[in-house]
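Participant: Quick one: structure below, then a few questions.
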Amino acid sequence: MKKYLARELVAALEDFEGVPQDFAPEFEKPKNPEHGDLATNAAMQLARYLRRAPRSIAGELADRLLARPLDPARIASVEVAGSGFINFRFSTEYLVGELRKLLEAGEAFGRSTTGQGKRALVEYVSANPTGPLTVGHGRNAVLGDTVANLLAWNGYDVTREFYFNDAGRQMRVLGESVRARYQAIVDPETPRKRIDAGGVSIEAPASFPEDGYLGAYIIDIAERLHARAEDAPDMAGDVAPFKEAAEQAIFADFERTLTRLGIRMDTYFNERSLYENDAVWRTLEQLREQGHCYDRDGAVWFRTTAFGKEQDTVLVKSSGEPTYRLPDIAYHADKCERGFERIVDILGADHIATYPDVLHGLRALGYDADRVEVLVHQFVTLVRDGAPVKMSTRRATYVTLDDLMDEVGEDVTRFFFLMRSPNAHLEFDLDLAKEASEKNPVFYLQYAHARICSILRKAEEVGFHGELGADLSLLGHAAEIALMKALLRLPEVLEYAAAVREPHQVANYLREVAVAFTQFYGHCRIIGEEKDLAAARMQLARAARIVLANGLHVLGISRPERM
RNA sequence: GCGCCCGUAGCUCAACCGGACAGAGCGGCGGACUUCUAAUCCGCAGGUUGCAGGUUCGAGUCCUGCCGGGCGUGCCA
335 MKKYLARELV AALEDFEGVP QDFAPEFEKP KNPEHGDLAT NAAMQLARYL RRAPRSIAGE
395 LADRLLARPL DPARIASVEV AGSGFINFRF STEYLVGELR KLLEAGEAFG RSTTGQGKRA
455 LVEYVSANPT GPLTVGHGRN AVLGDTVANL LAWNGYDVTR EFYFNDAGRQ MRVLGESVRA
515 RYQAIVDPET PRKRIDAGGV SIEAPASFPE DGYLGAYIID IAERLHARAE DAPDMAGDVA
575 PFKEAAEQAI FADFERTLTR LGIRMDTYFN ERSLYENDAV WRTLEQLREQ GHCYDRDGAV
635 WFRTTAFGKE QDTVLVKSSG EPTYRLPDIA YHADKCERGF ERIVDILGAD HIATYPDVLH
695 GLRALGYDAD RVEVLVHQFV TLVRDGAPVK MSTRRATYVT LDDLMDEVGE DVTRFFFLMR
755 SPNAHLEFDL DLAKEASEKN PVFYLQYAHA RICSILRKAE EVGFHGELGA DLSLLGHAAE
815 IALMKALLRL PEVLEYAAAV REPHQVANYL REVAVAFTQF YGHCRIIGEE KDLAAARMQL
875 ARAARIVLAN GLHVLGISRP ERM
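Mapping the first sequence onto this note's numbering, position 88 (from 1) lands on 422, and the numbers just tick up by one.
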């Protein structure tokens, strides 16, 4: 429709003096429905070139459009309003035609091919296996998964990837933590000490590392290890078996937790593989050959000042061990090598400082860094009993993603993380989420879906049939028209949300749809109406179900048929 | 100090890459269940969009400077 009107408008402007050759009119849906279905500000934009009042240009333009004339099967009215807007109102004929297309498309309604099959990689979660997934990981996971869904719905060939590192100091401390707990199980007489964990004192075996992981899951892992008596590790041996046991247990939990959230990764990329295939050192050599590196104080530095940073950055420590930046660069080079045209990284706000170095690294290596897009989301603040909960994986003070799902449910968890713009801090009041779960927005949407299913069931039980060939032109009630208009917006909303990577656009839109449906429900009955009208309304209700179902599907939220 | 994000109704947040009268939910107040699902609906109250300038026909949105909050700013990840 926008394209049609744009064509008409440009044609109407053909012999206008002073209009730029490349003038492209913009259209948008007015906030206020009284202003019509689509509006253009073309007259205001042209005012600059024509040196005339926008209002008078708009008047002349509208006259020319009406004189063409516009296709009455699409446009019902054209009027000039405000300071120079031209407002268009769609004809019912057009809406009904679009509604029919919606019904025919069914589960595919809202899909587009704008991605043209381009390969996209979305990397998210990417937690190291040192402890359970936290609420913070949850936001990252749900955001990434939904962005991936949005891209897939818009015709991208999407790969979902989880990047992790199971080597290094963190993992050694993890192993030592398990070993100390294990020792205490084997020998109950093990000397104890107390460790301060953010104000709380926790008892631990004397051999427990000072910066060890204090969570109870470490004890669980040690107990399970001990229960498997036949292959129980020797205390005198090295820490590796403890580390491995911990990693396996934690990773199994990752997958179980993500599955609960409806998340299924395509690939797990281990940082270690970049060492095994020498990619890390090859990357360093390439950077060095291009003159981006130098040695100082026994370390290898990356000349990031050449890219405008205040300081250069260490890639390899004087100990010979790379910092995380070098493998990160190698990893992203690998992503580029794998041929992805669109590379999206989902990062928490605490990682904002790291990615510029990666992008600089890619540029230095000759890759097109513009393919990489970093989506930063702000933190989640958990509030319990009116006070913010300080969270640290190492400390015992954190709420796991599983805890959250146990309390409020999987659907609510997903929806809450998606309700807000990624840029906004997310305040998650646990008590409120539990207590208010009955009035939760996600239930509102699911309820609308279940209610439609119920109505259609009931209508068929009492002998109404909503054939696909129903005469949809019988739909003319204001609530019916408003619902139709809301439903037909799904494709543009999904396309926009995908383009700006903002799932909350979909969540907000679905609420509008549910409201529009509820108003239709309040004004228009099906059972008891004349047969043809009932059939048409059943089709409209089906269309609403399709839109709600498809939208919830994109958000990864279940679509109950009864509640 | 510097970088990124944020500041909008009592609270939590929207506002479609500058548009018309800044919108929802929750909370508050007042109403509605012999009806296809009341997990619902209708109504009312609530705003100088942190402050001060600037650009523009037009600013919550863009620019500058302040104020306030979050996260970073490391030979940690």
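For every residue, glycine included, the Cβ atom is placed at its ideal position computed from N, Cα and C.
Which class does Pro722 belong to by DSSP, given the choice of helix, strand or coil?
Facilitator: strand
Participant: With Val512 as the anchor, note down where its alpha helix (DSSP H) starts and where it stops.
Facilitator: 503 to 520
Participant: Could you pull the DSSP bridge partners for Ala415 from this structure?
Facilitator: Phe419
Participant: Note down the Cα distance separating Ile677 from Glu826, rounded to an integer number of angstroms.
Facilitator: 23 Å
Participant: Rounded to whole angstroms, what's the CA-CA distance from Leu347 to Tyr658? Just pull it up for me.
Facilitator: 58 Å
Participant: Return the chain-ordered list of same chain residues with a C-beta closer than 7 Å to the C-beta of Glu362, the five sequence neighbours on each side being excluded.
Facilitator: Non-local beta-carbon contacts of Glu362 in its own chain, meaning distances under 7 Å to residues more than five positions away in sequence, involve Ala373 in chain order.
Participant: Determine the direct distance from the alpha carbon of Thr426 to that of Lys819, and round the result to whole angstroms.
Facilitator: For Lys819 and Thr426, the distance between alpha carbons rounds to 10 Å.
Participant: Could you check if Gly695 is buried or exposed, using at least 16 other CB atoms within 10 Å of its CB as the buried criterion?
Facilitator: buried
Participant: Can you find the residues in the same chain that come closer than 7 Å, C-beta to C-beta, to Val708, ignoring five residues on each side of it along the sequence?
Facilitator: Asp679, Leu681, Tyr689
Participant: Measuring CB to CB, does Gly810 end up less than 8 Å from Asp479?
Facilitator: No.
Participant: According to DSSP, is Gly444 helix, strand or coil?
Facilitator: coil
Participant: What are the residues that DSSP puts in a beta bridge with Trp635?
Facilitator: Tyr628, Val648
Participant: Using the three-state DSSP reduction, which class does Leu822 fall into: helix, strand or coil?
Facilitator: coil
Participant: So for Arg494, helix, strand or coil by DSSP?
Facilitator: strand
Participant: Which class does Gly682 belong to by DSSP, given the choice of helix, strand or coil?
Facilitator: Assignment of Gly682 by DSSP, reduced to helix, strand and coil, places it in the strand class.
Participant: Take Arg275 and list the residues in its own chain whose beta-carbon comes closer than 7 Å to its own, dropping the five residues that flank it on each side.
Facilitator: Not covered by the structure: residue 275. The range shown for the chain is 335 to 897.
Participant: Within this structure, are the beta carbons of Ala878 and Gln853 separated by less than 8 Å?
Facilitator: no
Participant: Along the chain, where does the beta strand (DSSP E) containing Val706 start, and where does it finish?
Facilitator: 706 to 711
Participant: Could you tell me the distance, in whole angstroms, from the CA atom of Leu669 to the CA atom of Pro756?
Facilitator: Leu is not the amino acid found at residue 669; the sequence shown has Lys there. Computed Cα separation, rounded: 24 Å.
Participant: Give a yes or no on contact between the segment 488 to 496 and the segment 504 to 514, applying the rule of three or more CB pairs nearer than 8 Å.
Facilitator: No contact exists between the segment 488 to 496 and the segment 504 to 514.
Participant: Please state the DSSP three-state secondary structure of Asn604.
Facilitator: strand
Participant: Based on DSSP bridge pairs, tell me the residues matched to Arg453.
Facilitator: Asp491
Participant: What would DSSP say about Pro307, mapped onto helix, strand or coil?
Facilitator: Residue coverage of the chain in this structure runs from 335 to 897, which leaves residue 307 outside it and unanswerable.
Participant: Is DSSP giving Asp568 helix, strand or coil here?
Facilitator: coil
Participant: Can you tell me the Cα-Cα spacing of Lys643 and Leu693, whole angstroms?
Facilitator: 12 Å
Participant: Do the CB positions of Gln624 and Ala698 come within less than 8 Å of each other?
Facilitator: yes
Participant: Mark Ser460 as exposed unless 16 or more other C-beta atoms lie within 10 angstroms of its C-beta, in which case mark it buried.
Facilitator: The C-beta of Ser460 has 16 or more other C-beta atoms within 10 Å across all chains shown, which makes the residue buried.
Participant: Just mark Val520 as buried or exposed, buried being the case when its beta carbon has 16 or more other beta carbons within 10 Å.
Facilitator: exposed
Participant: Between the C-alpha atoms of Leu646 and Ala633, what's the straight-line distance to the nearest angstrom?
Facilitator: Going by the sequence as given, residue 646 is Asp instead of Leu. Computed Cα separation, rounded: 12 Å.
Participant: By Cβ distance below 8 Å, which residues in the same chain neighbour Thr447 in space, the five residues on each side in sequence not counted?
Facilitator: For Thr447, where only same-chain residues beyond five positions count, the Cβ hits under 8 Å are Asn488, Gly489.
Participant: For Ile815, which of Ala870, Glu801, Val776, Val353 has the nearest alpha-carbon?
Facilitator: Closest in alpha carbon position to Ile815, among Ala870, Glu801, Val776, Val353, is Ala870.
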